[in-house]
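Trainee: The structure is given below, and queries will be raised subsequently.
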Ligand SMILES: Cc1cc2nc3c(=O)[nH]c(=O)nc-3n(C[C@H](O)[C@H](O)[C@H](O)COP(=O)(O)OP(=O)(O)OC[C@H]3O[C@@H](n4cnc5c(N)ncnc54)[C@H](O)[C@@H]3O)c2cc1C
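Spelled out as structure tokens, the structure:
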């Protein structure tokens with residue numbers, strides 16, 4: 007059940023120009039129970055005494071539930087609204103308040119079907135939690151991740167995902183760049199066309215889509231056109 011939690015920033019790393027990875031250590035209560043793929047609501051600013059509304063932003067928990075004393079978030083601060091500015095200004099040792107866990111639309115269905123994860127940008131965060139949780143539970147369901155970014159310089163977690171793939175032959179992943187440099191050897195273009203080109207076992211797969219609205223609507227529409235059933239598609243929209 008969602009509850010108010012106080013935290014401390016225990017680590018903050020800038021992974022790319024716009025991406026920050028923040029580790030929060032729980033203070034009160036000292037542990038949390040959640041399902042892989044769930045979210046936390048950051049309480050950025052409290053309601054004012056004059057009755058003005060508080061400011062909250064939802065973030066995916068990027069760490070697996072087994073890490074119940076620390077929570078990881080990966081934040082794209084390119085919008086530079088209140089949430090982004092809050093994260094940019096965070097320092098190790100700062101206190102924070104969240105309400106968690108919330109949501110959780112992307113948790114894997116308990117079927118033997120292949121899991122096809124499609125993310126744009128930080129939409130990859132819940133999939134990191136879900137995959138790590140699945141592997142900790144010795145889940146051998148085949149899983150594939152398509153992750154759309156723009157430039158090579160936007161890349162992070164490559165070593166992490168390569169390491170997971172080396173350790174778990176049931177997992178593979180593709181980074182898809184919409185604006186690659188001339189030396190880029192991987193998939194190019196938008197994730198939508200790449201998923202549809204690469205994926206041939208549509209009836210035996212489930213599709214988990216997370217990120218921006220345009221990608222989610224486009225991939226969903228194309229899958230439905232190809233007779234993928236609605237119940238084989240789960241989505242979480244970031245913006
Ligand atoms: C369920 C859920 C989970 C989320 N998880 C994450 C997460 O793990 N990591 C993360 O970085 N964000 C996540 N978000 C988005 C996050 O909550 C904020 O919307 C985002 O950080 C922008 O907040 P802001 O206050 O800086 O900008 P705002 O003032 O809220 O937004 C400014 C504008 O930017 C748009 N926008 C929001 N995000 C982006 C983006 N990434 N790129 C381009 N435009 C954008 C908004 O639609 C709006 O038009 C999640 C959102 C939802 C609903």
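Numbering (the numbering used here), first residue to last: 7 to 245.
We put the CB at the ideal spot given by N, CA and C, even for glycine.
1) For the alpha helix (DSSP H) containing residue 200, name the first residue and the last one.
2) Quick check on the DSSP output: what are the complete beta strand (DSSP E) runs of length 3 or more inside the segment 161-190, in order along the chain?
3) Using the beta-carbon count (16 or more within 10 Å), is residue 9 buried or exposed?
4) Do residue 77 and residue 63 count as a contact pair if the criterion is CB distance below 9 Å?
5) So the beta strand (DSSP E) residue 213 belongs to, where does it begin and stop?
6) Is the beta carbon of residue 83 less than 9 Å from the beta carbon of residue 75?
7) In chain order, what residues of the same chain lie with their CB nearer than 6 Å to the CB of residue 234, ignoring the 5 residues before and after it?
8) Using DSSP with H/G/I as helix, E/B as strand and the rest coil, what is residue 88?
9) Residue 20: which of 53, 160 and 190 sits nearest, CA to CA?
10) Note the first and the last residue of the continuous beta strand (DSSP E) segment covering residue 25.
11) Just verifying my parser: in three-state terms, what is the DSSP assignment at residue 82?
12) Identify, in the order they occur along the chain, each residue of the same chain with its Cβ nearer than 6 Å to the Cβ of residue 12, setting aside the five sequence neighbours on each side.
13) Do residue 80 and ligand 1 come close, with the Cβ less than 8 Å from some heavy atom?
14) How would you call residue 140, buried or exposed, if buried means at least 16 neighbouring beta carbons within 10 angstroms?
15) One question on the structure: do residue 107 and residue 40 come within less than 9 Å of each other, judged by their Cβ atoms?
Mentor: On the basis of the data shown:
1) 197-204
2) 177-183
3) exposed
4) no
5) 211-217
6) no
7) 208
8) helix
9) 160
10) 25-34
11) strand
12) 33, 34 and 103
13) yes
14) buried
15) yes
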